[in-house]
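Asker: The opening residue of the sequence shown carries number 1 in full-length UniProt numbering; numbering runs sequentially from there. Each residue gets a CB set at the ideal place from its N, CA and C atoms; glycine is no exception.
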Amino acid sequence: MNEPAGESITTHAPASRAAIAWFFALSGLSFSNWAVRIPDIRTLLDLSQSQLGALLLCPVVGSLCLTLLSNYLNTRFGSRRITRVAACAIVVSLVLIGAAVSMLTLGLALVVFGAGMGLLNIAMNDQAATLERRYRRSIMSSFHGLFSLGGMAGSLIGGALATLGLTPRWHLLLVAGLLMVGILISHRHLLAPPPRAERPVGALFVRPKGRVWLLGIIAAAVVFIEGSMADWSALFLTELGASRGHAALGLAVFTGTMAVGRLLGDRWLDRVGAIRALEAGSALALFGLGLAIVAASPTAALLGFALAGIGMSTLFPCLLSLAGRNRAMSPSGAIASVAMLGYLSMLGGPPMLGFLAEAITLHYAFIALAVAAALAIALARPAAKA
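Following this line, the structure appears as structure tokens:
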């Protein structure tokens with residue numbers, strides 16, 4: 001969506017910023033509260049490994065389908081309305097997930113959950129990109145930092161409620177109620193769309209145009225690294241001799257440093273600019289991953305993961321900011337395109353790393369992550385001119 005000509009920051013911008021920030025936090029809170037109860041839900045429904053694996057594809061399918069449609073929906077109805085609807089769908093699906101009594105009902109609830117998450121991801125980033133243009137300075141990174149903090153907080157909340165013996169049904173119902181209160185308070189402060197006459201309806205399915213392709217390719221590389229770290233970092237440390245508890249620190253260190261980097265990243269982006277931020281962040285990620293690959297101990301590998309997390313922290317927010325300011329297509333369409341390529345990478349990247357690890361060991365397979373970081377460095381300058 002294009003903002004009206006001459007529009008700039010207003011007295012309402014802080015309220016809008018707080019509202020948009022809430023929806024980023026809601027996304028992280030929702031996902032992590034569901035994720036920490038997966039073992040309990042599996043036990044309650046007596047699911048096998050293969051059944052659980054099939055169910056975990058359901059939110060991915062729902063998310064991908066709605067991401068493909070998001071440009072049309074955002075330009076047709078406006079990102080404010082879509083943000084509201086998507087957030088409510090997530091809240092309802094959390095209740096349905098907790099109340100599921102069979103593999104079928106859980107699968108349907110997870111499709112709705114994924115659809116809501118995919119749609120909210122595009123709509124709230126569209127809101128954030130629009131507000132960022134009004135501020136005329138970087139604010140996107142802090143929004144993504146709040147998503148990360150929401151995920152960390154949700155994990156702690158979910159773990160605490162599980163420890164207290166609360167069943168997934170009552171846990172997710174309680175969380176859904178609290179999230180809905182937040183939606184009711186914040187939704188009115190979301191940015192209004194331009195008048196209908198100034199809002200051309202986008203294509204039903206969006207595809208990248210011009211140099212937005214380069215932004216999408218970098219996004220795919222970035223998400224490939226993030227997804228692979230989530231799935232394989234613990235096993236990587238285990239193969240270096242780490243205990244189970246020590247190995248679990250891999251993802252915590254990576255995501256924790258990434259969250260801190262995102263919260264502090266806006267000033268960095270304003271100071272050095274998009275090109276240098278992409279190049280420097282990718283270079284630090286490459287150095288950190290390289291350190292982990294050559295590390296002889298889990299502690300040294302954890303240091304590499306920390307450096308990689310800091311380097312990765314501002315890359316995806318920066319890409320979405322650039323997509324929102326591109327000249328080749330509408331901001332909403334560009335954001336949807338970049339996110340779609342990221343989702344495709346999330347789907348295929350980590351499993352491909354597993355196949356590669358089977359052939360050459362996981363240690364050497366991590367070289368593929370370093371190659372992805374190097375690709376981001378190479379494409380940063382031409383992509384930032386999109």
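#1: If you drop the 5 nearest sequence neighbours on each side, which residues of the same chain put their C-beta closer than 6 angstroms to that of N33?
#2: Using a Cβ-Cβ cut-off of 6 angstroms (strictly less than) and excluding sequence neighbours within five positions of F366, which residues of its own chain qualify?
#3: In terms of residues, what are the limits of the alpha helix (DSSP H) holding G158?
#4: Less than 8 angstroms between the CB atoms is what I'm expecting for L322 and L307, so what's the real figure, rounded?
#5: Which word fits E358, buried or exposed, when buried means at least 16 other C-beta atoms lie within 10 angstroms of its C-beta?
#6: Less than 8 angstroms separating the beta-carbons of I275 and L379?
#7: Report, in whole angstroms, the separation of the C-beta atoms of S93 and F113, which I expect to be a contact under 8 angstroms.
#8: Any beta carbon of chain B sitting closer than 8 angstroms to that of A295?
#9: Counting only the same chain and skipping the five closest in sequence on each side, list residues whose C-beta sits under 8 angstroms from that of E132.
#10: Using only alpha-carbon positions, find the residue among L164, L341 and A296 that is nearest to R207.
#11: Check each candidate in L146, Y72 and L47 and name the one with the smallest Cα separation from L263.
#12: Return the Cβ separation of S233 and L251 in integer angstroms, given the expectation that the two are a contact with Cβ distance under 8 angstroms.
#13: Rank H363, S70, A230 and T163 by C-alpha distance to the C-alpha of L347 and give the top, closest one.
#14: Which of helix, strand or coil does DSSP assign to L289?
#15: Name the two residues that bound the continuous alpha helix (DSSP H) containing G116.
#16: DSSP three-state label for D40, please.
#17: Expressed to the nearest angstrom, what Euclidean distance is found between the alpha-carbon atoms of G312 and S63?
#18: Under 8 angstroms, do I82 and L119 count as touching if we go by C-beta distance?
#19: Where G309 and G78 are concerned, what is the direct C-alpha to C-alpha distance, given to the nearest angstrom?
#20: Taking all protein chains shown into account, decide if Q49 is buried (16 or more other Cβ within 10 angstroms of its Cβ) or exposed.
#21: Buried or exposed, going by whether 16 or more other CB atoms sit within 10 Å of the CB of A18?
#22: Assign V101 to one of two classes, buried (16 or more other C-beta atoms within 10 Å of its C-beta) or exposed (fewer than that).
#23: Taking the continuous alpha helix (DSSP H) assigned at D231, which residues delimit it?
#24: How close, in whole Å, do the beta carbons of M117 and I97 come, if the pair is a contact with beta carbons under 8 angstroms?
#25: Less than 8 angstroms separating the beta-carbons of G261 and T299?
#26: When you compare only the Cα positions, how much space is there between R84 and I183?
#27: Is the Cβ-Cβ distance between C58 and V111 less than 8 angstroms?
#28: By Cβ distance below 6 angstroms, which residues in the same chain neighbour A25 in space, the five residues on each side in sequence not counted?
#29: Classify A160 as buried or exposed, calling it buried when 16 or more other Cβ atoms lie within 10 Å of its own Cβ.
#30: Starting from E80, trace the alpha helix (DSSP H) in both directions and tell me its first and last residue.
#31: Using 8 angstroms as the threshold, is the C-beta distance between L235 and H246 below it?
#32: Spatial neighbours of L375 within its chain, please: C-beta separation below 6 angstroms, excluding the five flanking residues on both sides.
#33: Does the beta-carbon of I360 have 16 or more other beta-carbons within 10 angstroms, so that it is buried, or is it exposed?
#34: Helix, strand or coil: which one does DSSP assign to T361?
Answerer: Answer, in terms of the structure:
#1: G154, G158 and V175
#2: I293
#3: M140 to T163
#4: Between L307 and L322 the Cβ distance is about 24 angstroms, and since that is not below 8 angstroms, they are no contact.
#5: exposed
#6: no
#7: 4 angstroms
#8: Note that chain B does not occur in the displayed structure, where there is just one protein chain.
#9: S138, I139, M140, S321 and G324
#10: L341
#11: L146
#12: 5 angstroms
#13: A230
#14: helix
#15: M103 to Y135
#16: helix
#17: Note on identity: in this sequence residue 312 is Met, with Gly being the wrong assignment. Computed Cα separation, rounded: 23 angstroms.
#18: yes
#19: 34 angstroms
#20: exposed
#21: exposed
#22: exposed
#23: V212 to E239
#24: Actually they are not in contact, since the Cβ atoms of M117 and I97 sit about 12 angstroms apart, beyond 8 angstroms.
#25: no
#26: 7 angstroms
#27: yes
#28: L146 and G150
#29: exposed
#30: Checking the displayed sequence, the identity of residue 80 turns out to be Arg instead of Glu. Where R80 is concerned, the enclosing alpha helix (DSSP H) stretches over S79 to A99.
#31: no
#32: A221
#33: exposed
#34: coil
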